[in-house]
Amino acid sequence: MKIRLLVIVAAATVGIGSVTAFAATMGVGSWHIGTGADTLTKGTCTVIGSTNIADEYVLESSPGTNNANTTTAIVRASTSGNREWMFVRFDLSSCALPTTGGADTATMKLVVKTAPGTARTLAATPVLTTWAETLTWTQAQALTYGSAATTTFSTGTTSGATLSVPVTIDVDALIKSTTANYGWQITDTGASSATTTTFNTVEAATAALRPQLVINYEK
Amino acid sequence: MKFLSRTLVICLAGAVTLAGSAAAATLVVGSKTLSAGNATTTACGVLSLTPTRNVDNAGRVTRVGITGVPLTCSGETVSVTLVGASNVSLGTGTGVVGSCTTTCSVSITASVTNFGTAVSAASVLSFSFAAVGA
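Line by line, the protein sequences give chains A and C. Note that my numbering has the first sequence beginning at 3, numbered continuously upward. Note that my numbering has the second sequence beginning at 424, numbered continuously upward.
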C-alpha cells in the first residue's frame, strides 16, 4: 500500500515537471492556463537534375534570342547595350515540404566555368512572374522582379569554384506559401564592364557542375 | 504512517517546484499540509497548436506565428519558447491573442525582448508554448 502510493506520487511529480518545463513565464495566481509543445523534424533536401531545374541567360545585344540549351550562362554588366543576365529556377516540390515547414538555411550553388580576372559582385533577385526556358532579353524586360536583391555575392577569380549563394529568406517564404516559384535573376551589380562571369548550367555534361539548391529544412 | 505522510509532503513539494506556476496557482502550501484546488489547465485548448517561424537570409528567427488558436483563447497572453538541444531555452517571446470571431492567431516579432535577434532557426528543435489569462 505504502509503495503503491509512493509510486503514484512520484509519477505525478515527474509528469508535472516535464509538461511545464517551459511554462515558467506564466504568472502565478492565474486561473486560466494551457500549455503545449511542438517538436520539429529536421532534414536536408538537395534540388538537382534537369527535371527540377530550369536555367538560361539572355543577352541585351541579341534581344530576341534565347539560350536555354547551352551548357554555360554568362553574366555581364554593361551600359553599352550588351548586358547579360542569368535566370535559374528550382522546383521545390521534390522536397515535399508542408506549408507549416520552413527553411533553416537554403543555399544556391553555382559552379563558375570561367571566372573574371577581377572579382565581380553579382546579385540574386527573386523573379515574381513566370518565365519559360524560351525567355529572351525582350521578354525579360516585362517580368516582375523583387524590389531588392535577396543577396549579393562575389564571383572570386577562380574558375571551377563553387559559389554558395544564400537564399534562405526566399525559400522559407516559398515553402510557407502556395505561390509559385519563379527562381532568381543573376545580374552583375558593377559599373559598365566588358568582364564576364560564366557559370555552368543544368545542361553541363558533368552533374557535379550543374546548379543545385541545398535546403536544410524543418517541418 | 508518519513516515508516509512526511514522504508525501516532500514529493508534492517537489512537484510544485518542478511544475512552476501552473500548479502553484491552485495549491495551498502550509507548514505541514498541501491541498489542491480546481485549476482549469487546458481551458483554451492550446495543446495541439503548430507554431511556425520566419527567418532572415542568414537563417535567424525573425518572427513566430501561430494560427488556428481557438476562439476561447481570445485576449489571452501566449508565451512561446524556442527550445534547442538538451532542452535548452534559446529565447522566449510573448504576444496577445487578438479579438477574433472564429479562430485566432498570434504573431510575435523577434526583438531584444522577444526571443532575441540572433537565434538560429537551425538550432530550434521544438516550440514550447503556454497561454494564460483570467
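Ideal Cβ positions, reconstructed from N, Cα and C, are used throughout, including at glycine. None of the values given here were measured: they were computed from a predicted structure.
Under the three-state DSSP convention, the category residue i falls into
i: C:Cys467; result: coil
i: A:Trp87; result: strand
i: A:Asp174; result: helix
i: A:Leu42; result: coil
i: A:Ala125; result: strand
i: A:Ser194; result: coil
i: A:Ser187; result: The question names Ser, but residue 187 of chain A in the sequence shown is Gln. Strand at A:Gln187.
i: A:Ser96; result: helix
i: C:Ala459; result: Here C:Ala459 scores only 45 on pLDDT, less than 50, and its place in the model should not be relied on; the value that follows carries that caveat. Residue state, collapsed to three classes: strand.
i: A:Thr140; result: helix
i: C:Thr495; result: helix
i: C:Ser509; result: helix
i: A:Ala210; result: helix
i: C:Cys523; result: coil
i: C:Val478; result: strand
i: A:Leu145; result: coil
i: A:Leu61; result: strand
Sheet register partners of residue i (DSSP bridge)
i: C:Val529; result: C:Ile489
i: C:Ser543; result: C:Arg483
i: A:Ala105; result: A:Tyr219
i: C:Ser534; result: C:Phe538
i: A:Ile55; result: A:Phe92
i: A:Thr37; result: C:Ala553
i: A:Lys115; result: A:Lys115 is not bridged to any residue.
i: A:Ile76; result: A:Thr200
i: A:Ala130; result: Note that residue 130 of chain A is Leu in the sequence shown, not Ala. DSSP, once it has assigned bridges, lists no residue as partnering A:Leu130.
Supposed close pair residue i, residue j - CB separation, criterion 8 angstroms
i: A:Ala79; j: A:Ala193; result: 7 angstroms
8 angstroms CB neighbourhood of residue i in its chain, flanking five on each side removed
i: C:Ala544; result: Arg476, Val478, Gly482, Arg483, Val484
Cβ shell of residue i (< 6 angstroms), same chain only, five flanking positions each side left out
i: C:Val519; result: Thr500
i: C:Thr504; result: Ser512, Thr515, Ser551
Residue i Cβ short of 7 angstroms to the ligand GDP heavy atom set
i: A:Ser96; result: Of the ligands one can find in the structure shown there are none, so the ligand GDP has no counterpart to examine.
Contact between the region 103-117 of chain A and the region 198-210 of chain A: three or more CB pairs below 8 angstroms? yes
Count the C-beta pairs between the region 516-532 of chain C and the region 494-502 of chain C that are closer than 8 angstroms, then say yes if the count reaches three, no if not. yes
May I ask you to verify whether the region 182-192 of chain A touches the region 97-106 of chain A, counting CB pairs closer than 8 angstroms and requiring at least 3? no
I want to know whether the region 159-177 of chain A touches the region 73-90 of chain A - three or more CB-CB distances under 8 angstroms. no
Decide if the region 149-159 of chain A is in contact with the region 212-221 of chain A; the criterion is three or more beta carbon pairs, one per stretch, under 8 angstroms apart. no
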